[in-house]
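J.: Below you'll find the structure I mean.
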Amino acid sequence: MILLALLPLLLSLVFADQGCPSGASISLKGDRCYQPVAFLTDFHSAEKVCVEFGGHLASIHNRWDNGALIESDQIGNYWLGGQDINSDGSWTWTDGSAFNYNNWAASGGAMTGKNCLLLDSPSNLWQPSNCKQKANFICETPLPSIRTTIPTASNCPAEDFCMDGYNYVVFGKYLSWSDALSNCRNHGGHLASVHNARVEELLKQFQKELYLALWIGGQVDQTGNLNWSDGTSVNYVNWLPGHVPVPGTTEGCVWTKFQGTSFGWKTASCDHTQPSVCAIPL
């Protein structure tokens, strides 16, 4: 009965030709789709459904994926694929991948009799729960990997991308430019400024793999001049054809986009909401 009710939704994951289907998110590595399923069931039944469609309950390995799993209006609890089989805080994922990231609520991850992992929306915090509890769930299914190798620093956090002394982190929440800037500052950094082609290539890879336009730290004033939110000088630009700032007409904030096969920058209203890229000093 569960499989029959969810057949149209989960078949869209199985037969997605490119990227992930509508309603699903793509992982930071570009190797899997995450599909929220609004159907209340217990942990083991949810895992069985995901396996039937070629996947598992979702395993999460970085804050980008954790933040992008659920739309802000999808409120409730969702099963992830975490299990604490021995009730000793030794969590594992049902897909066999390393349990190398967590986002526990204040209660932490070890509670007797609560051996399965729930994600709360909209907080995206994790909590252990009785495996027989009824909750929605999130399936993951594999995609062919499209990651291009990008140089990283030796002290770069796992699953992040570092260059020239900065950790470049994508935040998937849709925010206005000013709210995105505040979010970066709260994490000890700024919206990313771009000063060379190497950083630009990193942004291009983010864009390719996540299929998202991304706020960066540029603002264009009434005179058509570009300024970076971190106060650094402007020594590199990559405006898309037809989008070079014109005094008096293109005031706004800067995001990265593809225009056909061309990648570059354009301005948009700073009140528009988009994911963003922060540059956080190492």
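Mature numbering (1 follows the signal peptide of the UniProt record, and there is no 0) puts the sequence shown at residues -16 to -1, 1 to 266.
Even glycine gets a Cβ: it sits at the ideal position worked out from N, Cα and C.
1. Can you list, in chain order, the stretches of the beta strand (DSSP E) that have 3 or more residues and sit fully within the region 61 to 126?
2. Under three-state DSSP, which class holds Gly51?
3. In whole angstroms, give me the CA-to-CA distance for Ser253 and Cys237.
4. Considering only C-alpha positions, which residue in the set Lys98, Gly97, Pro112 is nearest to Asp104?
5. Comparing C-alpha positions only, which one of Phe83, Ser11, Gly60, Thr125 sits nearest to Glu36?
6. Going by CA-CA distance only, name the one from Val33, Val154, Gly201 that's closest to Trp161.
7. At the level of alpha carbons, what is the spacing between Trp249 and Val183?
8. Round the Cβ separation of Ile122 and Pro20 to the nearest angstrom and send it over; I've been treating them as touching at under 8 Å.
9. Can you find the residues in the same chain that come closer than 6 Å, C-beta to C-beta, to Leu49, ignoring five residues on each side of it along the sequence?
10. As a quick exercise: from Phe23, Ile54, Asn84, pick the residue whose alpha carbon is nearest that of Gly7.
11. Give me the Cα-Cα distance between Ala181 and Gly60, rounded to the nearest whole angstrom.
12. Compare the C-alpha of Gly208 against each of Tyr158, Trp223, Thr240 and name the closest.
13. Curious, which full-length alpha helix (DSSP H) runs of at least 4 residues does the region 161 to 244 contain?
T.: Once the coordinates are examined:
1. 100 to 105, 110 to 113, 119 to 126
2. Taking the first residue of the sequence shown as position 1, residue 51 is located at position 67. Of the three classes helix, strand and coil, the one that applies to Gly51 here is helix, per DSSP.
3. Numbered from its first residue, the sequence shown carries residue 253 at position 269. Numbered from its first residue, the sequence shown carries residue 237 at position 253. Whole-angstrom Cα-Cα distance: 6 Å.
4. The count along the sequence shown starts at 1 and reaches residue 104 at position 120. It is Pro112.
5. For the purposes of this step, residue 36 is identified with residue 52 of the sequence shown, where counting begins at 1. For Glu36, the nearest C-alpha among the options comes from Thr125.
6. In the sequence shown, counting from the first residue as 1, residue 161 sits at position 177. If we check each option's Cα against that of Trp161, Gly201 comes out closest.
7. Numbered from its first residue, the sequence shown carries residue 249 at position 265. Numbered from its first residue, the sequence shown carries residue 183 at position 199. Taking the straight line from one Cα to the other gives about 13 Å.
8. Working through the sequence shown from its first residue, we reach residue 122 at position 138. Working through the sequence shown from its first residue, we reach residue 20 at position 36. Contact flag correct, Cβ pair sits at about 5 Å.
9. Walking along the sequence shown from the start, residue 49 turns up at place 65. Residue identity differs from the one stated: residue 49 is Asp in this sequence, not Leu. Only Ser11, Leu12 meet the Cβ criterion.
10. As a first step, residue 7 is located in the sequence shown; it is residue number 23 there, counting from the start. Ranking the options by Cα distance to Gly7, first place goes to Ile54.
11. On the sequence shown, position 197 is the one that residue 181 refers to. On the sequence shown, position 76 is the one that residue 60 refers to. Rounded to the nearest angstrom, the two C-alpha atoms are 42 Å apart.
12. Along the sequence shown, read from residue 1 onward, the residue named residue 208 stands at position 224. For Gly208, the nearest C-alpha among the options comes from Trp223.
13. 161 to 170, 181 to 194
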